[in-house]
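A.B. asks: I have a structure I would like to understand better, so I am pasting it below and will then ask my questions one at a time.
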Amino acid sequence: MSKILRGKGIRRTHMQTPLMRESLVDKGVLARSEPDREVRMLPEANIVGVGGGSIMDRGKAAVYPLCDELVECNKHHKMVVGVSGGGRADHTMEVGIDLGLPTGGLAQIVGAVEEQNGAMLQALLSAHGGVWMPRDAFSEIALYLELGSLPIVASMPPYHFWEEPPREGRLPMNGPDVGLYLMAEVLGVKRLIFVKDVDGIYENDPNVDPDARFIPEATSQDLLEGGYPSLLIEPKVLELMPHARNIRDFQIINGLTPGNLTRALDGEHVGTIVRA
Amino acid sequence: MSENSESPERHEIGRTVELSSEPTEVYRILPDTKVVKVGGQSVMDRGRAALYPLVDEIAACAKDHHILIGAGGGTRARHAYAVGLDLELPTGVMARLGGAVPMQNARMLQMLLAKHGGIFILHEDFEKLPLYFMIGGIPVISGMPPHEYWEKPMAGTRIPQNRTDAGVFLAAEALGCDMAYFAKDERGLFTADPKKDPGAEFIPEITVSELMKRDLDDLIIERVVFTYLSRAIHCRAIHVFNGLERGNLTRALNGEHVGTIIRAD
């Protein structure tokens, strides 16, 4: 039981805890705060990220078959579907940069595009349990999944005006990939799968170089240091991975190939697997 | 669809933007705002003896400045972190827990400031700041950034790295302010925690790189703030001062140097 230590006059009123009076900035205190294990909140759930530019912007030809597959997979797996922005997000950034908006201002406005894409997916999946899950309902995910519904979420982390200043340039470093990765990490889900329009990561852009070598498996370090022209994933995710407790790998798959999502959810290797 | 829009990835977006537009000057949204953090453990937990005079001073200063108050957490946040660590909860859950206490403190400050125009605001109300200032209000917000479950795990600890100092700093940077203000219970930065080491030396002014070189074991400000400070475009300095000493806030807001000023290089 914790005790309240009443401070007289201007003295501080404390609660007796191991962190009492400690500065949370002190290196010694930080070193003592790392326990061995971490709770996994939803170890049976999966998170599937649907690309904005790679899937949604392609319209019916890409989205309808993927929705059919999501519905089928939802019968066997618990899933949360995240969606990113795509072309309209790029356009938002272009205009925002031209206006001189600060990084936090860009982060504040770009999320609306994901909400549009989310609303589209939700409309298509509605008859099969598709529901838009607002961030405030985060602690109710278990309920959504228990009901067998297919919750759809925005991917960007909700940093908004509080987005960190980027290392270079003006664009937010924490985009939809970071957001979904963090969501997967805090929930401790079984699998994190990013659905794109290519088979995975190549050493060169396959649209430019048809002989580009495919990379079936890589570590986050390999990718950060490899100097590849197109990583398909935000570099910030790769930087985060070594510190993650739960999500030590994810897979990038081609969502234009029917069956890939089903196989990836069953644990098969169909795209590029990135490991911490 | 056009060829160019087939790029959902952020770094791809970065490339596109780099190609199509020259970097413009970053617009300052509300640069005259004074973003002031009121410390949790350092001020709030001291109760009326510390807060009543500070609240009076904030009210007086608000006649001359547009002040946004960010509240710190303090001992109850530490208690929640201690229990959360013991329960093996993930970093994102810890950030969610840590956010509740500065929210309480912001509400306490609002009650004390109400008759002077104190308004409790949420992160969602940030875009209404011009209104609050226009009507002579003193908006009070939780210092914690809105990251919550999306707080990043880091090596070595599950105590969230972005806490109320970081939130207050990022708010000042987003608004385009030159400086962020931190009212705490020490004169400023010392070479060690002056509460534990009587030999600790006061540092009136220092740059981030000098500070990093010293590699101090303890600091008066969350470490991540120094990273942000060094990358910031507008908010290139923070002023940490003793908010328990009458007149310091007034002087600091008028541009006087009363505590420690930490500058980006």
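If you read the sequences in order, they're chains A and B. Here the numbering used here is used: the first residue of the first sequence is -6, the next is one more, and so on. Here the numbering used here is used: the first residue of the second sequence is 4, the next is one more, and so on. No residue lacks a Cβ here, since even glycine has one placed at the ideal position from N, Cα and C. Source: prediction; values computed, not measured.
(1) Distance check for aspartate 67(B) and isoleucine 138(B), CA to CA, integer angstroms please.
(2) Let me confirm a value: glycine 260(A) is counted as buried when at least 16 other C-beta atoms fall within 10 Å, else exposed. Which label applies?
(3) Is threonine 6(A) close to chain B? Criterion is C-beta to C-beta, closer than 8 Å.
(4) Using a beta-carbon distance below 8 Å, is histidine 69(B) in contact with chain A?
(5) Is proline 11(B) close to chain A, meaning its C-beta is less than 8 Å from at least one C-beta of that chain?
(6) Evaluate contact between the stretch 68 to 76 of chain A and the stretch 32 to 42 of chain A, counting only Cβ atoms and requiring at least three cross-stretch pairs below 8 Å.
(7) Please report how far the alpha carbon of proline 163(B) lies from the alpha carbon of methionine 97(B), in whole angstroms.
(8) Within the 8 Å Cβ cut-off, does leucine 185(A) reach chain B?
(9) Please specify which runs of the beta strand (DSSP E), each continuous and at least 3 residues long, are wholly inside the stretch 60 to 124 of chain A, giving them in chain order.
(10) Which residues in the same chain as phenylalanine 193(B) place their Cβ atom closer than 7 Å to its Cβ, once the five residues preceding and following it in sequence are excluded?
(11) Roughly how many whole angstroms lie between the Cα atoms of glycine 97(A) and aspartate 48(B)?
(12) Spell out the partners DSSP gives asparagine 39(A) in its beta bridges.
(13) Nearest chain A C-beta to phenylalanine 193(B) closer than 8 Å, yes or no?
(14) Rounded to a whole number of angstroms, what is the C-alpha to C-alpha distance between histidine 153(A) and lysine 1(A)?
(15) So alanine 85(B) packs on threonine 10(A), CB below 8 Å; how close in whole Å?
(16) Run through chain B and tell me which residues come within less than 7 Å of histidine 262(A), C-beta to C-beta.
(17) Looking at chain B, which residues of the stretch 159 to 192 of chain A have a Cβ within less than 9 Å of any of its Cβ atoms?
(18) Counting only Cβ pairs nearer than 8 Å, list the residues of chain B close to lysine 20(A).
(19) Just the chain A side, please: which residues come within less than 9 Å of glycine 95(B) by C-beta, in chain order?
(20) Can you tell me the Cα-Cα spacing of alanine 135(A) and serine 142(A), whole angstroms?
(21) At 9 Å on the CB atoms, spell out the chain B contacts of serine 213(A), in chain order.
(22) Taking the C-alpha atoms as reference points, what is the distance between asparagine 108(B) and glycine 42(B)?
(23) Count the other CB atoms, across all protein chains shown, that sit within 10 Å of the CB of aspartate 91(A); report buried if there are 16 or more and exposed otherwise.
(24) Considering only residues of the stretch 50 to 109 of chain B, which uninterrupted alpha helix (DSSP H) runs meet the minimum length of 4 residues and lie entirely inside it, listed in chain order?
(25) Buried or exposed: which applies to asparagine 257(B), given that a residue is buried once 16 or more other Cβ atoms fall within 10 Å of its Cβ?
(26) If I measure Cβ to Cβ from glycine 102(B) and keep anything under 7 Å in the same chain, skipping five residues before and after, which residues do I get?
(27) Quick one: Cα of threonine 253(B) to Cα of glycine 262(B), how far?
(28) With DSSP as the reference, label serine 223(A) as helix, strand or coil.
(29) Roughly how many whole angstroms lie between the Cα atoms of leucine 92(B) and glutamate 60(B)?
(30) My assumption, with CB atoms under 8 Å, is that isoleucine 3(A) sits in contact with alanine 52(B). Please give the rounded CB distance.
(31) May I ask which residues mark the beginning and end of the alpha helix (DSSP H) holding methionine 215(B)?
(32) Where does isoleucine 138(B) fall in DSSP's three states?
(33) Using beta carbons (cut-off 8 Å, strictly below), is valine 29(B) in contact with chain A?
(34) Mind listing the chain B neighbours of phenylalanine 243(A)? Cutoff is C-beta to C-beta under 8 Å, in chain order.
(35) Identify the continuous alpha helix (DSSP H) that holds lysine 229(A) and give its terminal residues.
(36) Quick one: which residues of the stretch 148 to 159 of chain B get their C-beta closer than 9 Å to a C-beta of chain C? List them in chain order.
C.D. replies: In short:
(1) 13 Å
(2) exposed
(3) yes
(4) no
(5) The predicted model places proline 11(B) with a pLDDT of 35, which falls under 50 and marks its position as unreliable, so this point remains unresolved.
(6) yes
(7) 7 Å
(8) no
(9) 71 to 76
(10) Ala203, Glu204, Phe205, Ile206
(11) 31 Å
(12) Met72(A), Arg184(A)
(13) no
(14) 40 Å
(15) 4 Å
(16) None at all; the shortest Cβ gap to chain B is about 22 Å.
(17) Pro159, Arg160, Glu161, Gly162, Arg163, Leu164, Pro165, Met166, Asn167, Gly168, Pro169, Asp170, Val171, Gly172, Leu175, Met176, Glu178, Val179, Leu180, Gly181, Lys189, Asp190
(18) Asp220, Asp221
(19) Leu175, Met176, Glu178, Val179, Leu180
(20) 10 Å
(21) Simply none; closest approach about 14 Å.
(22) 10 Å
(23) exposed
(24) 51 to 64, 78 to 89
(25) exposed
(26) Ser145, Met147, Glu151
(27) 12 Å
(28) coil
(29) 40 Å
(30) 4 Å
(31) 211 to 217
(32) coil
(33) yes
(34) Those do not exist, as phenylalanine 243(A) stays about 14 Å from chain B at its closest Cβ, beyond 8 Å.
(35) 228 to 233
(36) In the structure shown, chain C does not exist; the protein chains are A and B.
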